[in-house]
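Following: one structure in structure tokens, then a few remarks.
2 protein chains.
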Amino acid sequence: MPLYRNPTIIDVAQAAGVSKSVVSRVLTGNGQVSAQSRRKVQQAIAKLGYSSNAAAQALALGRTRNIGLLVRRSTAPFYGRLMFNLQEHAARAGYRMIAVTGNLDNASESRALQTLLELRVDGLVIGSGNLPTEEFRVIAANLPTVVVGRPAEGSNADVVRIDAVRQAHEAARVLRANGHHRIGFIQVPDSLSAAPRNRALRSILPEAGFDLTVAEGGYDLHEAVLAVRALLAEAPRPTAIISLSADGAWAALREAEVRGIAVAAELSVLSLDQPDDGYAVTREITSIPQSSGELAAQAWALLSARLENPAREPREVLVFSPVHHGSTVGPAQS
Amino acid sequence: MPLYRNPTIIDVAQAAGVSKSVVSRVLTGNGQVSAQSRRKVQQAIAKLGYSSNAAAQALALGRTRNIGLLVRRSTAPFYGRLMFNLQEHAARAGYRMIAVTGNLDNASESRALQTLLELRVDGLVIGSGNLPTEEFRVIAANLPTVVVGRPAEGSNADVVRIDAVRQAHEAARVLRANGHHRIGFIQVPDSLSAAPRNRALRSILPEAGFDLTVAEGGYDLHEAVLAVRALLAEAPRPTAIISLSADGAWAALREAEVRGIAVAAELSVLSLDQPDDGYAVTREITSIPQSSGELAAQAWALLSARLENPAREPREVLVFSPVHHGSTVGPAQS
DNA sequence: TTGTACGCGTTATCAT
DNA sequence: ATGATAACGCGTACAA
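Protein chains in written order, with full-length UniProt numbering: chain A, 1 to 334; chain B, 1 to 334.
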């Protein structure tokens, strides 16, 4: 059936005129080999184009050096960045990162998860904000698992997520420092990842004395625009808009421009999401970002600690990035 | 070392009180098993939470049912969509899709490719518009390989890409039908994937009698905006802007809005890229799209044909999507 | 320093 | 219908 047989260690051994254990030794670096054997083996490897067989290694070693990443939908910029950043860390540590994506529903995500289990990944990163914890509770009990961006209570998984409360306090501080009072808040659809952030802002901002109007930002730019329009139609108009999604902030800038409202001077815009590349067209958006780089770094730290010590107690790490001062927040109109 | 041992077929066999061959038979569906044995085995599988070991299967069968996808940077929306769509096809055909991403440079992409080889993928999809063909020429000679979105001359790989020439002719047709003559063209940075499309438009539009002004659209929305500004500063101003990137089209709409130029009536905008979700805020962009869904479908068709018959002659498939009539192209001002 | 032999989990072949 | 057994490619004790 196979038109082509990959060269094996045995092929290399024959070509080099040594036994296969010698080849294995130069490959792994374990044990002693004479300089001459090493040279001959290396030449044979290069000549045959030998590439190690991960499946055979996995079987022999009992581990794969694969780590799996599950994302809900690879088309979302956040997941793309997460995949990108995580692969960096994994590669540096000598692990392969294998990414699989669901298809927007829990069933397909479970299947994707099953794929990773069959691949016998040594560690698992769950980047889905929607998959119910129950779906991987049993898995996390036996496999080093870190969940990104959402809680995973009742499971043995490590968690890294945004410090929603601190983020809300920081937002309040920034807006208060600029004398704002009437705030429009664009929230995102509730999910395991979004709910805590929606909740934190909805409770902390009013507690801090702000007059808060809430609008649903939805899943895309189109819905975000509708939310902005609703907020701008309020009377009196909010002096600041705070958005949990980059789309919301972008939509606010756009609508302001269309209506001739001066951003910062007449309407402040604060984003709590990391703006996508290229969003900073006319001006840098003031934000308290949800840094995928930071999340990935912490996720890897947790995962590698767990790989070294599987019995380690699960931890929850909250990441927080300080305000990034752009040019979209200014003093409130008096 | 492993705190946890995954249950094996042997464990299942013991729990079910049968031999491991029986278990293997119910798992694979090959051979006959009594209804009673099947039932007992299925119960044992559920009870133990057995999950097949892909590495052992790969070793025994000589193939993995993995197909690998290499992308240049997972943060680009196009690659996210490609990954998403391709996974759909692969899953339906009983293959796992494993995605790996490079880190913007050829060296990291080669390493990612190496990962896929070690995983002994049965098939390979190269979604990178930049990796030199030479880097995978030898691989494609022995492994079913399809390249998406760019040529791969001199290799044994199948190719699926946009029909750049037909796309250019279609663009010319649309613009001519609306009486346009002065055209601003936003091209994208030359790469193996972009160069043919840049070239087709730069040669075919002037041949068709258009007065073409070219601007470099760059890699992101920011650079696209600069390109649009340059085009709008021309005197006389172009009556239509045609963009190879969705960013360019979006930037054109935005700049027109800011300057009070009526889109369609005073300035037509034609996109040759698939607009990202949510881009159609105020109006539907008229486009001759580069459909990632269509590319993925054709890529899978080529790959599965090659998987069935490895000796098949490599083919090149050109995909073309007809114009999508939005509301951004109108008659030229006379 | 080198070679031999066994085991990893699975499938397929051959007896029974 | 079922059970025993030989591969698959690799790592590693162990013997030489």
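A virtual CB, placed ideally from N, CA and C, is assigned to each residue, including glycine.
Item                                                                                                                                                                          : Value
Can you find a C-beta in chain A that's less than 8 Å from the C-beta of B:Q114?                                                                                              : yes
So is B:L59 in contact with chain A if we call contact Cβ pairs under 8 Å?                                                                                                    : yes
Would you call the segment 227-245 of chain B in contact with the segment 254-274 of chain B, where contact means no fewer than 3 C-beta pairs closer than 8 Å?               : yes
Taking the alpha-carbon of A:V146 as reference, which of A:G179, A:L117, A:G123, A:E216 has the nearest alpha-carbon?                                                         : A:G123
Under 7 Å Cβ-Cβ, which residues of chain B neighbour A:N156?                                                                                                                  : Chain B residues near A:N156: none, gap ~11 Å exceeds 7 Å.
So, B:P314 versus B:N156, is the Cβ gap smaller than 8 Å?                                                                                                                     : yes
Nearest to B:N103 by alpha carbon, out of B:N142, B:A168, B:R73, B:E135?                                                                                                      : B:R73
Between which two residues does the beta strand (DSSP E) carrying A:R73 extend?                                                                                               : Run containing A:R73: none; DSSP gives neither H nor E here.
I need the straight-line Cα distance from A:S21 to A:Y50, nearest angstrom please.                                                                                            : 15 Å
What three-state label does DSSP hand B:V329 in the structure shown?                                                                                                          : coil
Can you tell me whether DSSP reads residue 374 of chain A as helix, strand or coil?                                                                                           : This structure cannot settle anything about residue 374 of chain A, because the visible part of chain A is limited to 1 through 334.
Taking B:L117 as part of the alpha helix (DSSP H), name the residues at either end of that continuous run.                                                                    : 106-118
Please classify B:V281 as buried or exposed, where buried requires at least 16 other C-beta atoms within 10 Å of its C-beta.                                                  : Reliability of the predicted coordinates at B:V281 is poor, the pLDDT of 48 falling under 50, and the value obtained from them is presented with this limitation in mind. Per the 10 Å Cβ criterion, buried.
Rounded to whole angstroms, what is the Cα-Cα separation between A:S193 and A:L318?                                                                                           : 13 Å
Starting from the N-terminal side, write out each stretch of the beta strand (DSSP E) that is 3 residues or longer and does not extend beyond the segment 178-250 of chain B. : 182-187, 211-216, 240-243
What residue does the alpha helix (DSSP H) around B:D158 start on, and which one ends it?                                                                                     : Where B:D158 is concerned, there is no enclosing alpha helix (DSSP H), although the beta strand (DSSP E) it sits in stretches over 158-162.
Closer than 7 Å by C-beta to A:A93: which residues in its own chain qualify, once you throw out the five before and the five after it? Chain order, please.                   : S304
Quick check: the segment 75-87 of chain A against the segment 60-70 of chain B, are at least 3 beta-carbon pairs closer than 8 Å?                                             : no
By Cβ distance below 7 Å, which residues in the same chain neighbour B:A299 in space, the five residues on each side in sequence not counted?                                 : L86, V125, V146, V148, V160
Nearest to B:G326 by alpha carbon, out of B:N6, B:G293, B:L307, B:E284?                                                                                                       : B:E284
Quick test of your reading: B:N198 and B:D211, contact by CB under 8 Å. State the CB separation rounded to the nearest angstrom.                                              : Not a contact, Cβ separation roughly 18 Å.
In terms of alpha-carbon separation, which member of B:D105, B:L113, B:G127, B:I98 lies closest to A:L119?                                                                    : B:I98
Ignore the nearest five residues each way along the sequence and tell me which others in B:R150's own chain have a CB closer than 7 Å to its CB.                              : G129, R161, L192, S193
Our contact map puts A:P238 next to A:R182 with C-beta atoms below 8 Å; I'd like the distance itself, whole angstroms only.                                                   : 5 Å
Could you confirm whether any beta carbon from chain A is found closer than 8 Å to the beta carbon of B:N103?                                                                 : yes
Using the rule of at least 16 other Cβ atoms within 10 Å of the residue's Cβ for burial, across every protein chain shown, is A:Y95 buried or exposed?                        : buried
Taking the beta strand (DSSP E) that B:I98 belongs to, which residues open and close that run?                                                                                : 96-101
For A:V214 versus A:R202, is the C-beta spacing smaller than 8 Å?                                                                                                             : yes
Opposite A:H324 in the DSSP bridges: which residues?                                                                                                                          : A:S287
Can you give the Cα-Cα distance for B:D163 and A:A297, rounded to whole angstroms?                                                                                            : 41 Å
Could you list which residues in chain A have their beta carbon closer than 9 Å to that of B:Y4, in chain order?                                                              : A141, N142, L143, P310
Could you say which of B:Q14, B:G62, B:A60 lies nearest to B:Q42 if we only look at CA atoms?                                                                                 : B:Q14
Do you know offhand how far B:S292's Cα is from A:L221's?                                                                                                                     : 20 Å
Listing by chain order, which chain B residues have their CB less than 7 Å from the CB of A:I98?                                                                              : I98
Got a sec, what are the start and stop residues for the beta strand (DSSP E) residue 372 of chain A sits in?                                                                  : Outside the modelled stretch of chain A, which goes from 1 to 334, sits residue 372 of chain A, for which no answer is possible.
Let me know if B:N53 comes out buried or exposed under the rule of 16 or more other beta-carbons within 10 Å of its beta-carbon.                                              : buried
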